[in-house]
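**Student:**
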Amino acid sequence: MVTGQWFYRPEEVERKGGGSWQSHDTRELFYSFHRDEVPAEPVMHKCVVHFVPIHKQFPNCKQNRGFIF
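So the sequence shown is numbered by the UniProt record's numbering: it starts at 1 and just counts up by one.
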């Protein structure tokens, strides 16, 4: 068993007043405190998620091949 951390895409998260969040970049994720234990066999590989402050620009995908859409 492995523990997985949940992340959500902006369009998957509802706003308090209704509607969903607008994405600024296709790679944008929202952090969640939700974790689950799952069997290790179906897990393809480890994924590293980086925090990019709002005033910083996302790294260019073509120059940084590890940044996935």
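For glycine and all other residues, C-beta sits at the position ideal for the given N, C-alpha and C.
Per DSSP, what kind of secondary structure is Phe69 in: helix, strand or coil?
**Tutor:** Within the sequence shown, numbered from 1, the residue matching residue 69 stands at position 69. Unreliable positioning characterises Phe69 in this predicted model, as indicated by a pLDDT of 46, which lies under 50. The coordinate reading is nonetheless provided below. DSSP, read as helix, strand or coil, puts Phe69 in coil.
**Student:** Would you grab the beta carbon distance between Ser23 and Pro42 for me? Rounded to a whole angstrom, and I think it's under 8 Å.
**Tutor:** Along the sequence shown, read from residue 1 onward, the residue named residue 23 stands at position 23. Along the sequence shown, read from residue 1 onward, the residue named residue 42 stands at position 42. Contact between Ser23 and Pro42 fails: their C-beta atoms lie close to 27 Å from each other, not under 8 Å.
**Student:** Can you name the residues that DSSP bridges to Thr26?
**Tutor:** Walking along the sequence shown from the start, residue 26 turns up at place 26. Thr26 is not bridged to any residue.
**Student:** Can you tell me which of the three DSSP states Glu41 falls into?
**Tutor:** Counting from one through the sequence shown, the residue named residue 41 turns up at place 41. Three-state DSSP puts Glu41 in coil, outside helix and strand.
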